[in-house]
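Participant:
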Amino acid sequence: MRHQTLATDNPQTIAWVGNEIIDWVSLRKYGPAAAEPPQISRKLALAFDRAITSADGQYAFLYQVLGTKGVLLRNGEPIREINRDEYLATGYEYPAAFATVDGVTYLVHCPLEYCRIDFENVETGELVTNIPSRQPMDRFHSRFEVSPEGGYLLSKGWLWHPWDMVELFDIRACLANPLLLDESELSAPTNSELCSAGFISETQVLLGASTEEVMDDEEPSVVPPGHLAVWNFIANEFSQPLKVLAPFGNLFPIDAHRAWDLYQYPKIINLDTGEVMDQLETLNTGRQCSSIIRSIAPVPAIIFNRQTGQVAVKIGANLELLSVA
């Protein structure tokens, strides 16, 4: 891997826009080809520490990772305030993602209940999935991710006692029938705790099981504790599980054969063998291995560029840029 420390002025809300990193508070960009930033002076009502950006770069959402407040931006300017349900919000990562369907961009989040996913039209503010008959299952949604072609939503959340879990949702189907958001029809059929996951392709998800004992030890788990496996959720087929001979828990698939893991320190894992191909033990990238992060806060902001396979980590006032060699 290649490691580069980028000179910064302590950015607060970093996100990838193309091949550049932007801090949406200051509008300053970082990267080898970053242009000189505009000279601006502005203050937002709250101190935000995370950001996501829509696929076209037009919209951004700034939020408090362990808070309830956020602000939606269009072309860098605030549109409106966004909130999430307060219940246990200081304990686990704010659930938010952008999804674009037929030219309409939605903010996917949980504004009404911690257990209820809604799609909000970014331009109008309408919750298009807000229908009277919603009855969501009791779980805490978190760490949203949209598939590479925009067809599926991945929730990497948890339920009591607590137990990390992974659920998938067909976005078009859920927009047509919001009741499908109340109970996933695409939950990974494993009795291991799934602490991390990420899309490899439009139909494949990399699953990482924690070292916790299985929920039901009378049934074998398709992803045993401390193992990785690839799940084709359309065919409901699993690859041979792989034991990783290193601590892991914060996965970002690079391609079908490699994945970043940022638990404790950066490493690249071979998804064919489980071997750690490269690592940088001198760089502390935090101990996140769940959406529940209150006990290990502050957790550094980590952003992954799916197009380039690069990772950026905000550590102190610096940006640490990691690239595949």
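If you count the sequence shown from 1, you need to add 27 to reach the working numbering.
Backbone N, C-alpha and C define an ideal beta-carbon position, used for all residues, glycine too.
1. Do you know offhand how far R371's Cα is from V250's?
2. Under three-state DSSP, which class holds I227?
3. Say whether the segment 128-141 touches the segment 323-335, bearing in mind that this needs 3 or more beta-carbon pairs closer than 8 Å, one atom from each stretch.
4. Taking 8 Å as the threshold (beta carbon to beta carbon), is L89 in contact with chain C?
5. Just the C-alpha distance for Q66 and C142, rounded to the nearest angstrom, thanks.
6. DSSP state of Q66, grouped into three classes?
7. One question on the structure: do S322 and Y119 come within less than 8 Å of each other, judged by their Cβ atoms?
8. Take every Cβ of the segment 234-241, pair it with every Cβ of the segment 198-213, and state whether three or more of those distances are shorter than 8 Å.
9. Check whether the segment 153-170 touches the segment 182-190, counting contact only when three or more Cβ pairs, one atom from each stretch, lie closer than 8 Å.
10. Is the segment 292-311 touching the segment 107-118 in the sense that three or more CB pairs, one from each, lie closer than 8 Å?
11. Classify P325 as helix, strand or coil using the three-state DSSP reduction.
12. Where are the beta strand (DSSP E) runs, 3 residues long or more, that stay fully inside the segment 103-163, in chain order?
13. Tell me the residue span of the alpha helix (DSSP H) that contains L202.
14. Is the distance from the Cβ of E194 to the Cβ of A124 below 8 Å?
15. Could you please give the first and the last residue of the uninterrupted beta strand (DSSP E) stretch that includes A275?
16. Could you compute how far the alpha carbon of L139 sits from the alpha carbon of S223?
17. Could you give the residue range of the beta strand (DSSP E) that holds R333?
18. Ignore the nearest five residues each way along the sequence and tell me which others in G58's own chain have a CB closer than 7 Å to its CB.
Facilitator: For this structure:
1. Because the chain spans 28 through 352 in this model, residue 371 falls outside it and cannot be assessed.
2. coil
3. no
4. No chain C appears in the structure shown, which is made up of a single protein chain.
5. Any reading at Q66 is ruled out, since the residue's pLDDT is 49, under 50, leaving its predicted position unreliable.
6. Residue confidence for Q66 is low, a pLDDT of 49 falling below 50, so the modelled location carries little weight; the figure read from the coordinates is stated next. In this structure, Q66 counts as coil in the three-state DSSP scheme.
7. no
8. no
9. yes
10. no
11. coil
12. 104-110, 123-128, 131-136, 145-148
13. 198-203
14. no
15. Checking the sequence shown, residue 275 turns out to be Phe, not Ala. Segment: none, F275 is in no beta strand (DSSP E) and carries neither H nor E.
16. 25 Å
17. Neither: R333 is in no beta strand (DSSP E) and is coded neither H nor E.
18. N46, E47, I48
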